[in-house]
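Since the structure comes first, as C-alpha cells, the remarks are kept for the end.
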Amino acid sequence: MGRYKYIPRGTAGGWIKSQDSPVIGGALGTVFDCCVRKENEGYRMWYSWRPAKGIAVANSPDGYDWSLPQMVMPRQINLPWAVDEVNRPCVLYRGGKYRMWFIGMVRPLDFCYGTSAVGYAESNDGIHWDVRRESVMNPDEPWEKNSLYCPHVIWDEEKNSYRMWYSGGEQYECDSIGYAESEDGIHWNKYNKNPIFTADKNKFWEALKTEACCVVREQDYFYMFYLGISADRTASIGIARSRDGITGWERHPDNPVVAGTDGSWDYLGVCKPFVLKTDDGFLMWYNGCNQSEGEGQVKEEIGVALHKGYQLWPEDGAARERDIPDEKIVCRDLFLGCR
Numbered sequence: 244m245g246r247y248k249y250i251p252r253g254t255a256g257g258w259i260k261s262q263d264s265p266v267i268g269g270a271l272g273t274v275f276d277c278c279v280r281k282e283n284e285g286y287r288m289w290y291s292w293r294p295a296k297g298i299a300v301a302n303s304p305d306g307y308d309w310s311l312p313q314m315v316m317p318r319q320i321n322l323p324w325a326v327d328e329v330n331r332p333c334v335l336y337r338g339g340k341y342r343m344w345f346i347g348m349v350r351p352l353d354f355c356y357g358t359s360a361v362g363y364a365e366s367n368d369g370i371h372w373d374v375r376r377e378s379v380m381n382p383d384e385p386w387e388k389n390s391l392y393c394p395h396v397i398w399d400e401e402k403n404s405y406r407m408w409y410s411g412g413e414q415y416e417c418d419s420i421g422y423a424e425s426e427d428g429i430h431w432n433k434y435n436k437n438p439i440f441t442a443d444k445n446k447f448w449e450a451l452k453t454e455a456c457c458v459v460r461e462q463d464y465f466y467m468f469y470l471g472i473s474a475d476r477t478a479s480i481g482i483a484r485s486r487d488g489i490t491g492w493e494r495h496p497d498n499p500v501v502a503g504t505d506g507s508w509d510y511l512g513v514c515k516p517f518v519l520k521t522d523d524g525f526l527m528w529y530n531g532c533n534q535s536e537g538e539g540q541v542k543e544e545i546g547v548a549l550h551k552g553y554q555l556w557p558e559d560g561a562a563r564e565r566d567i568p569d570e571k572i573v574c575r576d577l578f579l580g581c582r
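Going from the sequence shown to our numbering is simple: count from 1 and add 243.
Okay, structure coming up:
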C-alpha cells in the first residue's frame, strides 16, 4: 500500500481547461514548449516542433484557432552546440527587433552525454532570424549538470535589464530553476545563490523536480508558473509568487493548478506553461501528452487553459475545490515524462 500516492488531477485555483484543446498537434507530431505574444488583433506563437528538430511560428485571431506552422529556425548544423535540435523559444519585441532566446541541443542516443545551452537570435519580422554563433549561456555550475532548458526572459524597466529564469540539470528532465540578469541579453550574470527554486520533497506531485517556468509580473508580485515532476514522473503545473522574483517564493495553496485529466488528451501529464494576461483574465498554453511516439518518447500537443479575472491567489490563502470529474488515488509503475 505504501506505493500508492495521491495525485491531483484536473484543474484548481480558478483555472479551467478549454474544450477546444489540443489547439496545435495532431498530424504535426510532437509540438511543445511555446512562447506566445499578443500582436495587432491576434496572437503569434513560436513553438518547438520535434519532427522538424526546430522552431515554427503560427498565428491566431483568438489564441485557440491557429494557422499551419511556418518553420523559422531549423537545427543549426554549423554550430556544434546546436547541431541536433533547437527548441524552447522565448521571444520579446524590444528596440524595434524581435529577440529570441532558445535552446540548442546535442542529443546522442545516450541522454547521459547530451548537452543543452541557451542561444540568441534577432529578427526584424519574427520569421527570418540571425542566430548568434556562440551560445549565450552554458551549464557551468554543478547544479546545472549538462543542460539548460526553457529560458524565460522579460525586460525590467526598473532594473533597466533583461531578467531570465531558466532550468538546469539533466537533459531528459531538468532539476531546478535558476536566475540571471543581463544588460544586453547576450552577456548574462547568474545569481550567486542559484538555484532559486527547487522541488518540495514534502509534496508528492513535485517531489522529484521543478522546472520549465513562465514568470508573469502582476501588481506587487512575480508569479511563477512552473512544472512539477512527481516521484513517479507525472508532470503537473503549479504557481508560486515572490516579491522580487528571486527570493521568498510562496507556493499556491491549490497546487497543482493544472494537471492531467483521466481519459483526455493530456492524461499522461501536462508540461511547460506559457501565460499571458488578457482583457478578462489569463490564458495558459501548455503541453499535454497521452500516447507514446516510440523510442522512449511521448507525443505532445499544445492545449489551452483559462483563468477569468486577475485574482491569481486566494485572498484567505486557503485551498479551493478542484475542477475534476472525480479525484482518484493513482499509481503508475512507469511514466515516460514529457521532454
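Beta carbons are placed, not taken as given, at the ideal position from N, Cα and C, and that holds for glycine.
- A buried status is given to P251, since no fewer than 16 other beta-carbon atoms sit within 10 Å of its beta-carbon.
- Its Cα nearest to that of S359, the residue Y392 stands out among R375, D418, Y392, E493.
- Beta-bridge partners assigned by DSSP to K444: none are found.
- For K452, the enclosing beta strand (DSSP E) has its first and last residue at 452-461.
- Under the 10 Å beta carbon count, A270 is surrounded by fewer than 16 other beta carbons and is classified as exposed.
- Checking the DSSP bridge columns, you'll see Q534 partnered with K542.
- When A255, V459, V274, P496 are compared, the shortest CA-CA separation from I545 is found for V274.
- For K402, no beta strand (DSSP E) run applies, since DSSP gives it neither H nor E.
- Counting along the chain, V379 sits inside no beta strand (DSSP E), nor does DSSP assign it H or E at all.
- Restricting attention to S507, K551, G297, W372, the CA atom closest to the CA of D522 is found in K551.
- Here the C-alpha atom of F525 lies approximately 22 Å from the C-alpha atom of E400.
- Boundaries cannot be given for E413, as no beta strand (DSSP E) includes it and DSSP labels it neither H nor E.
- Using a Cβ distance threshold of 8 Å, P394 and G421 do not count as a contacting pair.
- For the 8 Å CB-CB criterion, I472 and P516 do not form a contact.
- The beta carbon of S264 sits closer than 6 Å to the beta carbons of G546, V547 from its chain, once the five residues preceding and following it are set aside; these are given in chain order.
- In the DSSP assignment, Q313 falls within the beta strand (DSSP E) that extends over 313-316.
- Our two residues, Q534 and Q262, have alpha carbons roughly 19 Å apart in a direct line.
- For the pair of segments examined, the stretch 365-385 was found to touch the stretch 333-348: the number of CB pairs separated by less than 8 Å reaches three.
- Listed in chain order, the non-local C-beta contacts of K444 below 8 Å within the same chain comprise A450, local neighbours out to five positions each way being set aside.
- Here DSSP, grouped into helix, strand and coil, assigns G503 to coil.
- Here G369 carries a coil assignment [DSSP, helix/strand/coil].
- S485: member of the beta strand (DSSP E) spanning 478-485, first to last residue.
- When only Cα atoms are considered, T504 and V326 end up about 36 Å apart.
- In the DSSP secondary-structure assignment, S261 is not bridged to any residue.
- Distance between Y286 and V279, taken at the CA atoms: about 7 Å.
- With respect to E454, D487 sits apart: the two C-beta atoms are not nearer than 8 Å.
- Per DSSP, reduced to three states, the secondary structure at G285 is strand.
- Looking at the DSSP output, G421 sits in a beta bridge with Y409.
- In this structure, V300 lies away from Q319, with their beta-carbon atoms at least 8 Å apart.
- Per DSSP, reduced to three states, the secondary structure at L555 is coil, with no helix or strand assignment.
- A direct Cα-Cα distance of roughly 8 Å separates R350 from E328.
- In the three-state reduction of the DSSP assignment, P351 falls in the coil class.
- Annotated three-state conformation of Y307 is coil, per DSSP.
- Taking the Cα positions, S425 is about 6 Å away from S404.
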